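**Student:** Here you go, one structure.
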């Protein structure tokens with residue numbers, strides 16, 4: 006045999022060897038290591054080092070057999086000691102219940118919040134991932150000088166589909182708006198929102214079909230339904246080939262049922278898909294170039310580059326639009342991955358979106374809360390363990406080795422964090438429904454998610470390790486004599502990190518409190534604006550019936566005859582939207598030639614009375630004047646925009662390319678109505694008398710009758726006049742209130758986070774104060790003996806903490822001010838001032854909270870009998 | 666109560682111990698097994714079986730000398746005991762008797778070589 010060169014790199018893997026020795030019976034070690042070594046060198050020689058190492062691991066694993074494994078009830082690991090450590094830890098936990106509760110509860114809170122936020126962020130980041138082709142789906146967008154728009158003409162979609170079949174697997178056009186329609190089957194009818202999409206749509210979106218296939222939309226009169234809608238209409242059966250009626254107008258055959266789309270899909274509001282041909286009535290509509298009413302989606306081929314294809318499309322459109330396009334419009338493809346979090350544009354450039362900012366913001370808050378909770382946990386564990394120096398001394402004297410003490414402290418911190426983890430899971434499951442509600446999500450409990458468990462357990466172990474490290478490393482190093490004599494003490498320096506921590510926590514708490522109050526102020530400010538009409542006591546609905554206009558006088562008459570209705574009005578757009586814009590108006594004294602757009606709606610007689618328009622001057626439309634067909638109402642903003650001081654009686658002319666000029670006379674001015682967002686100034690608007698088809702019906706209930714008793718009466722009349730349409734009414738005041746949803750969501754969450762931050766800060770402070778009070782037990786005893794009063798002692802103990810809170814105020818106030826000014830800057834027209842009392846409240850509140858928290862400990866320490874304190878040797 | 670029957674794998678290992686004689690230790694036995702049967706086996710599996718055969722009293726073992734390629738570690742050399750030899754014999758006799766009862770083979774022209782070794 007050759008002599009072998011025992012070089013380091015031709016040694017068997019060290020870890021494998023260690024592992025083997027760990028579990029292998031000691032008496033087998035020599036022969037087994039010898040055998041495996043021989044095998045290793047042989048493999049090394051005959052094959053390769055890599056193979057040999059690999060094989061060594063294989064051999065080691067195969068030694069895990071009952072005969073070869075050592076008995077782990079040997080002396081080396083003492084199970085009775087482990088049991089003893091657990092018992093001691095558990096007794097420690099029970100001995101100081103308040104401390105344990107604070108420590109475990111605080112950590113559990115932090116963990117639960119981090120989990121909630123983690124779920125939220127995960128939900129945001131996984132937006133649209135539900136769709137199988139999400140990597141390749143793109144949407145065509147266009148930058149205009151004023152804004153970036155998603156709507157295209159049908160001609161554009163058709164051109165792309167015909168010209169670039171090499172680059173696109175599919176091109177699909179969708180009617181560029183979610184459409185509300187009534188779906189009726191037998192006696193059941195529901196108003197549902199959905200899309201009119203081209204044939205390839207279901208394939209593009211990768212809908213998961215429960216019944217039928219992706220090719221369901223081939224026929225013009227077909228529709229596919231979401232599972233929940235199908236269930237509402239047909240129950241739990243296969244509804245393929247059943248015929249449903251849409252808007253009492255079209256008979257559509259159900260050709261498929263798809264799994265409901267999840268909340269974090271761009272199409273989550275689609276409860277049906279019908280055909281675009283059906284919407285356009287025929288295929289001739291697929292090559293129109295003047296009407297921007299389509300979304301254009303495509304699925305790129307995997308090898309096509311999105312930027313190159315964007316340029317090709319841009320070039321093709323430039324050619325087609327030559328002469329019409331002033332060169333200000335640019336077309337490009339937006340990939341699906343960017344839709345949700347990265348699709349805000351300014352001047353043709355992608356800018357950081359609000360949604361993205363929220364994701365960052367929440368991530369930072371989640372991390373902060375978690376870190377705060379962790380630091381508290383470690384801090385309290387450490388502070389607590391210093392009291393146990395004597396215990397350590399005795400243990401050492403009795404022969405504990407250092408590694409046993411280290412194990413004990415780690416065990417203890419593991420026990421605590423395990424309990425905290427369990428508690429946080431309970432908190433999570435209890436608060437998730439509420440959190441879903443507050444954040445407008447539909448997240449599910451993550452109990453089956455392996456990643457969730459890996460992350461949480463990993464985090465728990467790290468926390469346990471960090472929290473246990475200080476006592477484990479530091480306390481176990483004491484010399485028993487010193488520890489027993491009690492000369493052990495913490496110096497001034499040791500308390501500095503804790504002070505920094507308190508300041509840090511209170512800074513965040515105070516800033517969050519200020520933020521919460523300011524957000525609420527902003528909401529209240531917008532709510533206090535005059536609405537301009539009376540949403541209370543009124544219902545509105547959009548009767549889905551082709552003969553709505555024809556029967557309008559009938560329903561008005563019948564409703565009035567019931568006596569429960571005060572008045573009935575109609576309009577072509579809802580009172581809660583700002584839809585309907587047109588320009589081309591001219592009036593006497595018009596200053597520039599600039600074309601100002603006005604919000605224009607058509608209203609019926611009695612509409613003003615029904616919604617409660619408030620007249621500044623002039624009068625409402627009246628049936629007494631036949632000339633009112635040529636009359637208009639304007640709002641205060643319009644009056645100001647036009648620069649008219651006394652508009653009633655003034656003339657207004659509408660000029661357009663395709664019609665003769667139309668002349669109108671202003672007969673009345675009304676107060677601004679908040680139709681759009683209450684956080685934006687009202688747009689200038691003009692109201693015409695029944696120029697367009699009416700679509701919305703508004704009913705003001707007789708104030709003498711309660712709403713709940715009036716609704717059934719109204720419904721009966723409605724069903725009689727419009728038997729095909731569902732009575733899907735909305736309370737106008739509820740609809741108005743929903744305009745505050747986004748802001749109220751922020752307010753709710755901000756309130757929730759500040760509450761948590763305050764609780765966690767107070768827990769930390771409470772623990773710290775109790776620690777300090779206990780440290781100074783003897784000092785307080787001596788002071789009392791020498792004649793200090795309780796109030797003096799209270800002052801002594803509280804002063805330090807009050808100072809810390811004041812420092813936190815000084816940092817938090819400018820911080821919160823700058824953040825809140827930034828937030829309010831987005832509300833250009835409607836903006837609450839930032840009041841000084843907000844800062845005073847937040848700072849004062851924090852100070853009071855600090856004093857209450859600390860006083861509890863301070864007073865308890867001051868009223869104890871000094872004899873007890875001094876005798877505790 | 667100790668199991669004293671001989672399993673298939675055990676029988677092969679026992680025979681290999683006999684074949685290898687002074688070189689009969691776990692690594693070599695595993696090597697020999699692989700080269701004779703073209704089947705792979707881990708040293709641990711062989712060791713486990715040797716251990717079991719030892720418990721059944723078919724094998725004894727003692728520590729041999731060390732060599733350089735074992736990093737100076739000694740090896741455990743196994744040898745067959747009298748009862749081990751007896752159980753091998755019984756196993757062979759049993760099989761031969763089975764072969765003889767098989768008419769097609771008992772006629773003589775299909776007699777297999779090794780039976781007459």
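Protein chains in written order, with this note's numbering: chain A, 6 to 878; chain B, 666 to 782. Each residue gets a CB set at the ideal place from its N, CA and C atoms; glycine is no exception. Note that this is a predicted model, so its numbers are computed, not measured.
1) According to DSSP, is residue 722 of chain A part of a helix, a strand, or is it coil?
2) Can you tell me whether residue 750 of chain B is buried or exposed, with buried defined as 16 or more other CB within 10 angstroms of its CB?
3) Reducing DSSP to helix, strand and coil, say where residue 36 of chain A ends up.
4) If you check the beta carbons only, do residue 849 of chain A and residue 706 of chain A fall under 8 Å apart?
5) Report the residues of the segment 52-65 of chain A with a CB closer than 7 Å to any CB of chain B, ordered along the chain.
6) By DSSP's criteria, residue 575 of chain A is part of a beta bridge. Which residues make up the other side?
7) Once DSSP output is grouped into helix, strand and coil, what is the label at residue 250 of chain A?
8) Tell me the rounded alpha-carbon separation between residue 668 of chain A and residue 186 of chain A.
9) Taking Cβ positions only, does residue 748 of chain B come closer than 8 Å to chain A?
10) On the three-state DSSP scale, how would you describe residue 190 of chain A?
11) Give a yes or no on whether the C-beta atoms belonging to residue 531 of chain A and residue 835 of chain A are separated by under 8 Å.
12) What first and last residue would you give for the alpha helix (DSSP H) that runs through residue 677 of chain B?
13) Residue 35 of chain A touches chain E at which residues, Cβ-Cβ below 7 Å?
14) Could you have a look at residue 873 of chain A and say whether DSSP puts it in helix, strand or coil?
15) Using the Cα positions of residue 853 of chain A and residue 813 of chain A, report the straight-line distance between them to the nearest angstrom.
16) Listing by chain order, which chain B residues have their CB less than 9 Å from the CB of residue 73 of chain A?
17) Mind checking who residue 184 of chain A pairs with in its DSSP beta bridge?
18) Flag residue 691 of chain B as yes if its beta-carbon sits less than 8 Å from any beta-carbon of chain A, otherwise no.
19) Assuming contact is defined by CB atoms lying nearer than 8 Å, are residue 248 of chain A and residue 256 of chain A in contact in what I supplied?
20) Can a CB atom of chain A be found closer than 8 Å to the CB of residue 734 of chain B?
21) Is the beta carbon of residue 577 of chain A less than 8 Å from the beta carbon of residue 606 of chain A?
22) When you compare each of A:781, A:632, A:627 to residue 574 of chain A by their alpha carbons, which one comes out closest?
23) Helix, strand or coil, according to DSSP, for residue 801 of chain A in the structure here?
24) Alpha carbon to alpha carbon, how far is residue 826 of chain A from residue 675 of chain A? Give it in angstroms, no decimals.
25) Applying the criterion that 16 or more other CB atoms from any shown protein chain within 10 Å of the CB defines a buried residue, is residue 79 of chain A buried or exposed?
26) My output table needs one value for residue 780 of chain B: the three-state DSSP class, helix, strand or coil.
27) Using the rule of at least 16 other Cβ atoms within 10 Å of the residue's Cβ for burial, across every protein chain shown, is residue 903 of chain A buried or exposed?
28) How many Å lie between residue 659 of chain A and residue 643 of chain A at the Cα?
29) Tell me where the beta strand (DSSP E) around residue 768 of chain A begins and ends.
30) Pop quiz: residue 777 of chain A and residue 871 of chain A are said to be a contact at Cβ under 8 Å. What is the actual Cβ separation, rounded to whole angstroms?
31) Rounded to whole angstroms, what is the Cα-Cα separation between residue 115 of chain A and residue 374 of chain A?
32) Determine the direct distance from the alpha carbon of residue 448 of chain A to that of residue 125 of chain A, and round the result to whole angstroms.
33) Assuming residue 354 of chain A is part of the beta strand (DSSP E), what are its boundary residues?
34) Please confirm if residue 38 of chain A has its CB atom under 8 Å from at least one CB of chain B.
35) Can you tell me whether residue 840 of chain A is buried or exposed? The criterion is at least 16 other CB atoms within 10 Å of its CB, across all chains shown.
**Tutor:** So, from the data block:
1) Note: residue 722 of chain A maps to helix in three-state DSSP.
2) The residue is exposed, with fewer than 16 neighbouring Cβ atoms inside 10 Å.
3) In the three-state reduction of the DSSP assignment, residue 36 of chain A falls in the helix class.
4) Between residue 849 of chain A and residue 706 of chain A, the CB-CB gap reaches or exceeds 8 Å.
5) Among the residues of the segment 52-65 of chain A, those with a Cβ less than 7 Å away from any Cβ of chain B are 63, 64, in the order of the chain.
6) A:702.
7) Under the three-state reduction of DSSP output, residue 250 of chain A falls in the strand class.
8) Whole-angstrom Cα-Cα distance: 36 Å.
9) Taking 8 Å as the CB threshold, residue 748 of chain B stays off the interface with chain A.
10) When secondary structure is reduced to three states using DSSP, residue 190 of chain A falls in the strand class.
11) It is a contact, given that the beta carbons lie within the stated cut-off.
12) Bounds of the alpha helix (DSSP H) holding residue 677 of chain B are 673-685.
13) Included in the structure are the protein chains A and B, with no chain E among them.
14) DSSP places residue 873 of chain A in helix when its eight states are reduced to three.
15) In a straight line, the C-alpha of residue 853 of chain A is about 14 Å away from that of residue 813 of chain A.
16) Under the 9 Å cutoff, chain B gives 709, 712, 713, 716.
17) Per DSSP, A:199.
18) Under the Cβ distance rule, residue 691 of chain B counts among the residues neighbouring chain A, one pair being separated by less than 8 Å.
19) Against a cut-off of 8 Å, the Cβ pair of residue 256 of chain A and residue 248 of chain A comes out as a contact.
20) It does: the Cβ of residue 734 of chain B has a partner Cβ on chain A nearer than 8 Å.
21) Going by C-beta atoms, residue 577 of chain A is nearer than 8 Å to residue 606 of chain A.
22) Minimum Cα-Cα distance from residue 574 of chain A among the listed residues A:781, A:632, A:627 corresponds to A:627.
23) Helix.
24) Approximately 33 Å, taken between the alpha carbons.
25) Here residue 79 of chain A scores only 49 on pLDDT, less than 50, and its place in the model should not be relied on; the value that follows carries that caveat. Residue 79 of chain A is exposed by the Cβ-count criterion.
26) The predicted position of residue 780 of chain B is uncertain, since its pLDDT is 49 and thus under 50; a value taken from the coordinates is nonetheless stated next. Helix.
27) Any property of residue 903 of chain A remains undetermined from this structure, which presents chain A solely from 6 to 878.
28) Their backbone Cα atoms lie some 15 Å apart in a straight line.
29) Boundaries around residue 768 of chain A are those of the alpha helix (DSSP H), 746-780, since no beta strand (DSSP E) includes it.
30) Actually they are not in contact, since the Cβ atoms of residue 777 of chain A and residue 871 of chain A sit about 18 Å apart, beyond 8 Å.
31) C-alpha separation (whole angstroms): 6 Å.
32) Distance between residue 125 of chain A and residue 448 of chain A, taken at the CA atoms: about 8 Å.
33) It spans 354-356 - the beta strand (DSSP E) in which residue 354 of chain A sits, taken as one unbroken run.
34) It does; some Cβ of chain B falls within 8 Å.
35) The residue in question, residue 840 of chain A, is exposed, as its Cβ has fewer than 16 Cβ neighbours within 10 Å.
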